[in-house]
Each structure stands twice: as structure tokens, then as C-alpha cells.
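Peer 1: Protein chains in written order, with the numbering used here: chain E, -1 to 176; chain H, -1 to 176; chain Y, -1 to 176; chain P, -1 to 176. Got a structure for you, questions after.
Protein chains: 4
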Amino acid sequence: MTEKQLQIVETALHLFAEMGFDAVSTNKIAQEAGVSEGLIFRHFQNKLGLLNAIMQIGAEKIALFSEQIEILATPEEKIQAVLELPFHIKEDEYPFWKLLNGLKWQNQYYDQTAVAPIRNIIEKAFKDMNYSNPTTETDLILAYTDGLATSILLKSTEVDKNELLKTLRKKYNWILKK
Amino acid sequence: MTEKQLQIVETALHLFAEMGFDAVSTNKIAQEAGVSEGLIFRHFQNKLGLLNAIMQIGAEKIALFSEQIEILATPEEKIQAVLELPFHIKEDEYPFWKLLNGLKWQNQYYDQTAVAPIRNIIEKAFKDMNYSNPTTETDLILAYTDGLATSILLKSTEVDKNELLKTLRKKYNWILKK
Amino acid sequence: MTEKQLQIVETALHLFAEMGFDAVSTNKIAQEAGVSEGLIFRHFQNKLGLLNAIMQIGAEKIALFSEQIEILATPEEKIQAVLELPFHIKEDEYPFWKLLNGLKWQNQYYDQTAVAPIRNIIEKAFKDMNYSNPTTETDLILAYTDGLATSILLKSTEVDKNELLKTLRKKYNWILKK
Amino acid sequence: MTEKQLQIVETALHLFAEMGFDAVSTNKIAQEAGVSEGLIFRHFQNKLGLLNAIMQIGAEKIALFSEQIEILATPEEKIQAVLELPFHIKEDEYPFWKLLNGLKWQNQYYDQTAVAPIRNIIEKAFKDMNYSNPTTETDLILAYTDGLATSILLKSTEVDKNELLKTLRKKYNWILKK
DNA sequence: TATGAATGAGGATTCATTCAT
DNA sequence: TATGAATGAATCCTCATTCAT
């Protein structure tokens, strides 16, 4: 990716994350990125192509996350790691996660392949732990993860992440109790 | 509200919920509602006015929920009731909740006054139970609620709600453990 | 058709005829027609829809021509009538014929169904006259008609139509000779 | 002309001929010619310059035709030769003639100097034959030529050129009759 | 010579909104 | 109340053209 392509992608990501894909015009992206509008289309074909490029970059980051989790020793550690994922998102990755979460609610654009690897890890972990209903347990864990991420991403200034994590950890033995 | 106003509101709600506010044109709403485009503006001033009307109706429903919860006897029951809210959303209320969740990620449109009453209930419940950190506990409960709602709303066909609720309930004593 | 629709169709026809379909912008049509650009799309969906509307109107005129020719008594009269068609095009119909001729050379847009009825008349006439090769004779007549139309439409100021017709008529007995 | 220049000219000619000058983008020409878009402008200044280059090459070919006709012995032979020109266009010259014919109908682009020499030959021939109205006779011959060319160029697959020429030739004595 | 990134004006089209009826 | 014609600003996108390499 050239520098200008990166500028476009970064700018678009931030704008999409804050305002939503449809609420951001290509003109606005171009202006804020300091490039001509035409350049967006030369590099990404169309607005959706730009979104896809952004999502692909994000999907690669998620894949990295997954790999790091998969090498953990025990299923319990894996589950805990996923549950704590929201707490380890760096601030500069917030826009991507905001975008991903926002798109979930628009069935024209949402492609859930990006997050699928994470679900697989959890489901396998519960199976390894011989849970009778690994799918349901997975749903519960992911719902919790999802809710925590939402809280952190949207209320970052108000929520005390450390306090939240500390309190969450006290509940682990119960969360995992069969 | 006249019948035509209702048609407009209902149609818009469904479309907004599935596609997102910005992705739905007033023309599309008018067509699907079987009314003229002008009528939307006569009744709701502008597109945002229509959204506000929808949100107000929804806020009233949430207020009803809140009232029903507030009359419960113990704080534990209240917390449990909130946590189980997602399981009691009727299918015809899905669109409103989808819309609300989608809008959360677009800071131009989101108004969180609608859901504030619920937070107040939980926070007060934890205080009544003499928790040392009621705010954090509230955040955790609401995050879980939020995640469960997301799961149910977006994967309604795949998720077995009964199974999920049964498994969730097994964890209550721990969830609430100080 | 409302008055504004007619204005659009008329203006577009003239511009398309003089400059070619692709060389005329919808903005230009709107300005010259004294309407907003949006109105073109409300009434005709898109630029091609506008072209189709124009062509349909023209096709109806051609159909009228055909009917008038078909009621002639003898095959010879019919052939002569077709050959003289170019001389009877009224000035206000020039734009349509210019457009039709220009489009012939662009295989994206050309639809030859409009002129098909005329060919049928000629071919049948030659059959009725027991020509051994009615198809070829038809090709020759239509080529001549086509060339005459081209000459008249493009060089109207320079060509003396009366003189041309007079000279043409001297050749009829030979043109039709088997 | 370098090889790349030729590629550009050839490709552009074919595309212009099939789709029309305005309907072909320089980008498309570059892609189909396998060169960069910038090269078109280095060699031909602008899109119109490319068209002019094409037309000039064609004009030279027409000039060659003219010379071959002018050396014929009698005026009758010359007229016949022009009338039969369409039958002697080689398939690889079709695109140029198609382009020329298409441009006739777009008064921004059309330059009729290319075909002027042919008209002069005919007009002189009729004068040499002491026709009283050589201009009108010329118009008729050229209209016929033009119509025949149109038929051959646009319906090459359907029209049997040999049959057409044979039938045409039967009519010569009459065509030329004063 | 040749490339391809970059531009910005202009393209068709859609949009929310207004207005006469 | 309700329609639907009409608007014009804004949308996404394409275009011919330029320029650094």
C-alpha cells in the first residue's frame, strides 16, 4: 500500500467508525485524507471496495489475535483470553472494532467471516472441557465478550477498564463452572 | 396517530432496523408503506423527525419494562429481570431493538436517554445490596445484557433461546456473588 | 405526457440528433429544456430510458408511414412510395431520423425493430411482382432510400430536394425493371 | 509510427467504430491496446488528436482510391467504379468506414474533406458526359453509394455482396441514362 | 519512450425536501 | 389529509488529462 492509499484507508476507517458507512461521503473522505476524490476509486474501485479493504486489514489483525490465543495451554486460558480481548484492544484499533460492530446491524454490508475464527476457538475449548452443551456455552461467552467490547468501545472515557477487569476476574471460576 | 402515520412508522422502523437509517431513502419508505413521499414530511417534518417519532414510541415501551421491573420485591430479582430482558423481547419488537443497537454506533443520531432508566434500576439494586462498587457491577450486568440481546437479535434463527436461558440461569448465584 | 415531459423529450431529441447520444449530458438537456436535472430521472428512470421514450415515439410515426404505404394499390406504387419517403420527411421530423441514423453505427444502442415494417413492405412487393430475388432487390431499394435520406438529412441546405426528386423519378422505370 | 502507436491507433479505431467516439474512454483504449493511458496523450496530445490521426490515415486510403479511379478511361467507368466502391472495401477497412459514417451524424466531429475528392470525380464525370444537371446526378450516385456502403458495413453477415453486385450491375445502363 | 499515480471537472443518478393541487 | 410533480444539492463514480519517475 502506498502512502496515499494508507491515508485514505485510515481516514475512511475513522469516519466510518464514528458516523457509519452510509453517513460518510467519498467527498468527505477525500477532503479529510487530503487527496482527490478520484483517487479513492482508482485504488479501491468503489466505496464498497474501500470498506472491504478496511475489513480485510482488520480481519488480518483478528487472525493474529486468534493465533496468539490458540497457542495457550489450557481451554480455560483460551476462554479467559477471549473474554478479556476487549480489554486488550489498543486505542488505535478502536475505530476498526467500532466499524465492525456498527456494520453488524446493517445486513447489506456485514460479513462475519472476520470474527469466525474466534468462535471456533471457544467452541473447541468447551468441547475439550467435555461440556455437554459447548455451543450454548460458546454463545454465552461470546455474548459477554461482545457486551464488554461494546461497553469499552462506546464509553471508553467513562468506564474504568481496570476496575471492570478486576471485578470480572473475580467471577471466572463461576463463569466457567459447568 | 392515524392509520397512514402508523404505516409510515412501522415501515420505516423495519427498514431502518434492517438496513440502517442512512441506507433507507424516504422514497423507499413511501413506496413500501404505500403512501406518497410528501406525506412523510407533512407528518414528521423531515427524515430525522420520523426517526425521533420511532424512538419515542420505543422509549415508551422501555419505560413500561422499567416499571414492571421496579415493582419486583428484591434487588436480586430486579437484576435477574434485566439480565433476562433480551429473552422476553417479542419478535415484533425486534426491529426497534435492532435499530436502537445500530444507532449506538453512529454518534450523529444516538440518544441514550431511552435506555437510561434501566441502568438506574440496576445501579440502585446493587447499592441496595451494599456492593462496594455498584457502578462497575452495573457495567458488567449491562454489558452481559447487551451481549445477550445482540446474540438473540442477530442470530434469532440459529440461537436456541430456551437452551441459552436455561444455561444462563445456572450461573446466577455466581454472577451475583460479591 | 405532461408538458414538462414533452419539453424534455423534444430537447433531448434535438440535442441527441445533432451531437450524438453520448455527447449530450443530462445536465445540458435539463438546462436547455428549462427543467431540473432530477426531473429527467423521475420521468424516464435514466438517460437510456429517455432515449427509449424518444425512439418509441418515433417508431409510432414510422408505423403510421407504413400503414399509409400498405394501402396503396400496386406493388410498384409501394416501392416508389418507400423510395420517396426521404423526400416527405417534414423538417420537424428531421431530428428523429438523424438520431435513428446516428444510432445505427453504435451497436450498444441501436434497435432496428422501428424500421423493420418498411422492409417487410418492400420485400412483399417484390414477391408480388414475381421477382426471382426479392431479398436482393429489397436490399438495393432500401440502400437507395437510406442514401437519399442521408443526403437530405445532412445536406438539407445544399441539396435541392425538388430537383433531386424530379431526376430520381425519371429513372423509375429502370429501377424497377427486372 | 512505432509499434505501440500503431497498437493504439488500431485499437481506438476498432472501438470507435463499434461504439462511437464518445462511448469509448481513453482508459478502455489503453487497456485493450495493452499500453498505459499516459502514452496515448504523449503521442496524440488528446483524445481528439487520436481521432484526427485515425482520420488522416483513412483519408490517405481514400486518396489512393481516388487516384485509381481517376486514371480510368471513360466517365462511365469512373461512375461505375465509385458506385462499386462499397463492394471493394476490404474487411480490415470496415472499422474506418464505420467510424466515418458514424461521425457524419455528430456535427462536432465530422470533417468531410476526406471524402470530397470522390465527389469531385463524379461531378466532373457527369460534366464530361454533358449532363444538364451534373450536381443532382452526382447527389443521386453518391446517395446510392452511401446507402450501399451502409448496407454492406452494417449487415455484412446477412447481405450477399456478390448477389447484390450482380443485380446492381443489371441496372447500370438505366442508372446512367440521361 | 513509457508508466501509472494523481487530479479535478464533469458524468449520471439519488436524495431529502417543497409546493401546487 | 394526501398526492405526486418538481427541485437542486449532494451522491458515487468516470473521464480526459497531467506529471513525477
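Glycine included, each C-beta is placed from N, C-alpha and C at the ideal position.
1) Along chain E, which residues have their Cβ under 7 Å away from the Cβ of aspartate 20 of chain H?
2) DSSP state of glycine 170 of chain E, grouped into three classes?
3) Along the stretch 142 to 153 of chain Y, where does the CB come closer than 9 Å to a CB of chain P? Name the residues.
4) Can you check which of these residues, E:Gly36, E:Phe14, E:Lys164 and E:Ala71, is closest to lysine 2 of chain E by C-alpha distance?
5) For tryptophan 103 of chain Y, I'd like the list of residues in its chain whose CB is within less than 6 Å of its CB, leaving aside the five on either flank, ordered along the chain.
6) Are the stretch 44 to 64 of chain P and the stretch 109 to 129 of chain P in contact at 8 Å, needing three or more beta carbon pairs?
7) With a cut-off of 8 Å, does the C-beta of glycine 47 of chain Y fall near any C-beta of chain P?
8) Have a look at aspartate 158 of chain P and leucine 140 of chain Y and give me their C-alpha separation to the nearest angstrom.
9) Looking at the unbroken alpha helix (DSSP H) that takes in asparagine 25 of chain P, where does it start and where does it end?
10) In the stretch 95 to 107 of chain E, which residues sit with their C-beta less than 9 Å from some C-beta in chain H, listed in chain order?
11) Looking at the secondary structure, which residues open and close the alpha helix (DSSP H) in which phenylalanine 14 of chain P lies?
12) Say whether chain P places a C-beta atom closer than 8 Å to the C-beta of leucine 81 of chain Y.
13) Would you say glutamate 8 of chain E reaches chain H, if we count a Cβ-Cβ gap shorter than 8 Å as a contact?
14) Please specify which runs of the alpha helix (DSSP H), each continuous and at least 4 residues long, are wholly inside the stretch 86 to 155 of chain H, giving them in chain order.
15) Tell me, please, whether the CB atom of aspartate 137 of chain E is closer than 8 Å to any CB atom in chain H?
16) Would DSSP call leucine 70 of chain E helix, strand or coil?
17) Starting from the beta carbon of asparagine 131 of chain P, find every residue of chain Y whose beta carbon is closer than 8 Å, and list them in chain order.
18) Assuming contact is defined by CB atoms lying nearer than 8 Å, are proline 73 of chain P and methionine 127 of chain P in contact in what I supplied?
19) Does any residue of chain P bring its CB to less than 8 Å from the CB of valine 157 of chain Y?
20) Run through chain E and tell me which residues come within less than 9 Å of threonine 24 of chain H, C-beta to C-beta.
21) Checking 8 Å against the spacing of the C-beta atoms, do leucine 163 of chain P and glutamate 82 of chain P come in under that value?
22) Going by C-alpha to C-alpha distance, which of H:Thr148, H:Phe124 and H:Ser149 sits closest to aspartate 137 of chain H?
23) Helix, strand or coil for glutamate 82 of chain H, going by three-state DSSP, please let me know.
24) Just checking: is the beta-carbon of threonine 134 of chain P within a distance shorter than 8 Å of some beta-carbon in chain Y?
25) Are isoleucine 52 of chain P and alanine 10 of chain P close, meaning C-beta to C-beta below 8 Å?
26) Check whether the Cβ atoms of isoleucine 67 of chain E and lysine 76 of chain E lie closer than 8 Å to each other.
27) Give the single residue among H:Met17, H:Gly18, H:Phe19 and H:Ser34 whose Cα lies nearest to the Cα of asparagine 25 of chain H.
28) Within 10 angstroms of its Cβ, does glutamate 135 of chain H collect 16 or more other Cβ (buried), or is it exposed?
29) Report back the beta-carbon spacing between tyrosine 108 of chain Y and leucine 97 of chain Y to the nearest angstrom; my notes put them in contact at under 8 Å.
30) Can you tell me which of the three DSSP states asparagine 44 of chain P falls into?
31) Have a look at glutamine 106 of chain Y and leucine 152 of chain P and give me their C-alpha separation to the nearest angstrom.
32) Looking at C-alpha atoms only, which residue of E:Ala28, E:Gln5, E:Pro93 and E:Glu30 is the closest neighbour of alanine 15 of chain E?
Peer 2: Working from what's here:
1) Taking the second sequence and counting its residues from 1, the one referred to as residue 20 of chain H is at position 22. What aspartate 20 of chain H touches in chain E: Gly18, Asp20 and Ala21.
2) Start at 1 with the first residue of the first sequence, and residue 170 of chain E comes out as number 172. Glycine is not the amino acid found at residue 170 of chain E; the sequence shown has tyrosine there. If DSSP states are grouped into helix, strand and coil, tyrosine 170 of chain E belongs with the helices.
3) Tyr142, Thr143, Asp144, Gly145, Leu146, Ala147, Thr148, Ser149, Ile150, Leu151, Leu152 and Lys153
4) Position 4 of the first sequence, counted from the start, is the residue given in the question as residue 2 of chain E. Minimum Cα distance to lysine 2 of chain E is reached at E:Gly36.
5) Walking along the third sequence from the start, residue 103 of chain Y turns up at place 105. Here the set comprises nothing.
6) With the cut-off at 8 Å, the stretch 44 to 64 of chain P and the stretch 109 to 129 of chain P touch.
7) Against the third sequence, residue 47 of chain Y aligns to sequence position 49. It does not: the Cβ of glycine 47 of chain Y has no partner Cβ on chain P nearer than 8 Å.
8) Numbered from 1 along the fourth sequence, position 160 holds the residue referred to as residue 158 of chain P. Numbered from 1 along the third sequence, position 142 holds the residue referred to as residue 140 of chain Y. Distance between the alpha carbons of aspartate 158 of chain P and leucine 140 of chain Y: 15 Å.
9) Start at 1 with the first residue of the fourth sequence, and residue 25 of chain P comes out as number 27. Start and end: 24 to 31.
10) Lys96, Leu97, Asn99, Gly100, Leu101, Lys102, Trp103, Gln104, Asn105, Gln106 and Tyr107
11) On the fourth sequence, position 16 is the one that residue 14 of chain P refers to. Here the alpha helix (DSSP H) through phenylalanine 14 of chain P covers 1 to 17.
12) The count along the third sequence starts at 1 and reaches residue 81 of chain Y at position 83. It does not; no Cβ of chain P falls within 8 Å.
13) As a first step, residue 8 of chain E is located in the first sequence; it is residue number 10 there, counting from the start. No, glutamate 8 of chain E lies away from the interface with chain H (no Cβ there is under 8 Å from its Cβ).
14) 92 to 101, 114 to 126 and 132 to 152
15) Walking along the first sequence from the start, residue 137 of chain E turns up at place 139. Chain H, which has a Cβ nearer than 8 Å to the Cβ of aspartate 137 of chain E, makes this yes.
16) Residue mapping note: residue 70 of chain E aligns to position 72 of the first sequence, counting from 1. Correct three-state label for leucine 70 of chain E: coil.
17) Here residue 131 of chain P corresponds to residue number 133 of the fourth sequence, with the count starting at 1. Ordered by position in chain Y, the residues that pass the 8 Å Cβ test against asparagine 131 of chain P are Glu161 and Thr165.
18) Mapped onto the fourth sequence, residue 73 of chain P falls at position 75. Mapped onto the fourth sequence, residue 127 of chain P falls at position 129. Yes; because the gap between Cβ atoms is below 8 Å, this pair is in contact.
19) Position 159 of the third sequence, counted from the first residue, corresponds to residue 157 of chain Y. With 8 Å as the cut-off, valine 157 of chain Y counts as an interface residue toward chain P.
20) By one-based count along the second sequence, residue 24 of chain H stands at place 26. Those do not exist, as threonine 24 of chain H stays about 14 Å from chain E at its closest Cβ, beyond 9 Å.
21) The sequence position of residue 163 of chain P within the fourth sequence is 165, counting from 1. The sequence position of residue 82 of chain P within the fourth sequence is 84, counting from 1. A contact, by the Cβ cut-off of 8 Å.
22) The residue you call residue 137 of chain H lines up with position 139 of the second sequence. Measuring from the Cα of aspartate 137 of chain H, the nearest candidate turns out to be H:Phe124.
23) As a position in the second sequence, residue 82 of chain H is number 84, starting the count at 1. In this structure, glutamate 82 of chain H counts as coil in the three-state DSSP scheme.
24) For the purposes of this step, residue 134 of chain P is taken as residue 136 along the fourth sequence, with counting starting at 1. For threonine 134 of chain P, the answer is yes, since a Cβ of chain Y falls inside 8 Å of its Cβ.
25) Position 54 of the fourth sequence, counting from 1, holds the residue named residue 52 of chain P. Position 12 of the fourth sequence, counting from 1, holds the residue named residue 10 of chain P. Yes.
26) Numbered from its first residue, the first sequence carries residue 67 of chain E at position 69. Numbered from its first residue, the first sequence carries residue 76 of chain E at position 78. Taking 8 Å as the Cβ cut-off, isoleucine 67 of chain E and lysine 76 of chain E qualify as a contacting pair.
27) Looking up residue 25 of chain H in the second sequence gives position 27. Looking at the Cα atoms, H:Ser34 is the closest of the given residues.
28) As a working mapping, residue 135 of chain H is identified with position 137 in the second sequence. Buried.
29) As a working note, residue 108 of chain Y is residue 110 in the third sequence. As a working note, residue 97 of chain Y is residue 99 in the third sequence. 11 Å between Cβ atoms; not a contact.
30) What you label residue 44 of chain P is simply residue 46 of the fourth sequence in a count that begins at 1. Three-state DSSP puts asparagine 44 of chain P in coil, outside helix and strand.
31) As a working note, residue 106 of chain Y is residue 108 in the third sequence. As a working note, residue 152 of chain P is residue 154 in the fourth sequence. If you take the alpha carbons of glutamine 106 of chain Y and leucine 152 of chain P, they lie about 13 Å apart.
32) Translated into positions along the first sequence, residue 15 of chain E becomes position 17. Among E:Ala28, E:Gln5, E:Pro93 and E:Glu30, the Cα nearest to that of alanine 15 of chain E is on E:Pro93.
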